[in-house]
Amino acid sequence: MELVLTDSHPCHANFCTKDGQVIYKVQCPFGMMDRTITIDKIATQSQDTAVGEGGDEHEDRRPNGELESVVYQTSSRREDMIVERTNSDGLSQDTFNPLARIEYAMLLPMNSKFYMEGVPEKADELFKRGRLLGGSWYGSDRIFIGPDGREYAWVLGLTKPSLFLNDSSKTPIAKFHRQHAGSKDKEPVQASLEIFEEGLHMVDFIVVTFVYIEKMRKDRERGSR
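Sequential numbering from -1 applies to the sequence shown in my numbering.
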């Protein structure tokens, strides 16, 4: 699976299929210090019907009947739960549901906070520092437990991050491809996030953690110049 980015910076990009369908929308308003990164995902049929015609809350039920929020825990207003993309005629084309919000701490990224179902709120609880494949030039890699209970490692790399299963197999899970401007003999190539078969069961989780990891890695790259 390959998600093509509309911008070279993942924090300001739509993640699309190769035929141009937007799957994720990532936004990060400019700020001098801490920033809020929002990640929205295109709604499926079941997600659309989860909101009642006259209801203000977006809720679902667990198998045991307990109610749970399927997106942010920080708001229950319907206008905060649904994001719509419109065309030039003002007609709705796609509906997007908030998937995650990251309160990104510029000075100390590990103090950042995640607001996503099933994810620890604090970055230093979600990730631990470690090393895979000899570690990274810009600091130790970030290891976390996936939704399947297995351990994974984002390797920051010199210029782009890659995700691996953190065991003896070191199975590749995802890889970021940077944008290339092209040349006389080569066409320009947009940035993309490639997710291998072994990671298709947790694409949402990969996208959210990737946005955080690449933001942190890019900030360190700039600071080292």
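All residues carry an ideal CB built from backbone N, CA and C; glycine is no exception.
Alpha carbon of residue i to alpha carbon of residue j, nearest angstrom
i      : j      : result
Pro145 : Asp202 : 10 angstroms
Gln188 : Arg33  : 25 angstroms
Phe112 : Asp38  : 14 angstroms
Ala41  : Phe194 : 23 angstroms
Leu198 : Gly116 : 17 angstroms
Pro107 : Asp217 : 10 angstroms
Trp152 : Ile211 : 8 angstroms
Cys14  : Ile141 : 27 angstroms
Ala103 : Gln91  : 34 angstroms
Glu196 : Asp165 : 14 angstroms
Lys184 : Thr93  : 36 angstroms
Lys213 : Phe28  : 13 angstroms
Leu105 : Cys26  : 16 angstroms
Asn95  : Gly18  : 19 angstroms
Ser97  : Thr207 : At residue 97 the sequence reads Leu, which differs from the Ser that was named. Taking the straight line joining both Cα atoms gives about 12 angstroms.
Boundaries (first-last residue) of the beta strand (DSSP E) holding residue i
i      : result
Leu106 : Careful: Leu106 lies outside any beta strand (DSSP E) and carries neither H nor E.
Asp122 : From DSSP, Asp122 is part of no beta strand (DSSP E) but of the alpha helix (DSSP H) over 121 to 124.
Same chain, Cβ closer than 6 angstroms to residue i, five either side skipped, listed in chain order
i      : result
Asn12  : Thr4, Val20, Lys23
Lys173 : Ser160, Glu192
Lys168 : Phe162
Val205 : Tyr22
Ser6   : Gln177, Ala189
Met200 : Gly144, Pro145
One or two residues paired with residue i in a DSSP bridge
i      : result
Ala151 : Ile141, Phe162
Cys14  : Val2, Val20
Arg33  : Tyr102
Gln25  : Thr36
Arg127 : Arg140
Sequence-distant residues of its chain with Cβ nearer than 7 angstroms to residue i (five each side left out)
i      : result
Ser138 : Arg127, Gly128, Arg129
Ile143 : Glu149
Lys225 : Beyond the ends of the chain as shown, which are -1 and 223, falls residue 225; an answer cannot be given.
Gly147 : none
Own chain partners of residue i with C-beta closer than 8 angstroms, once the 5 adjacent residues on each side are dropped
i      : result
Lys16  : Glu0, Val2
Ala179 : Pro186
His175 : Lys158, Val187, Ala189, Ser190, Leu191, Glu192
Pro118 : Phe112, Leu124
Val209 : Pro8, Cys9, Val24, Ile35, Ile37, Ile100
Asp122 : Met108, Asn109
If you scan the segment 165 to 217 from start to end, which runs of the beta strand (DSSP E) of 3 or more residues do you find wholly inside it?
Entirely contained in the segment 165 to 217, the beta strand (DSSP E) runs reaching 3 residues are, in chain order, 170 to 175, 190 to 193.
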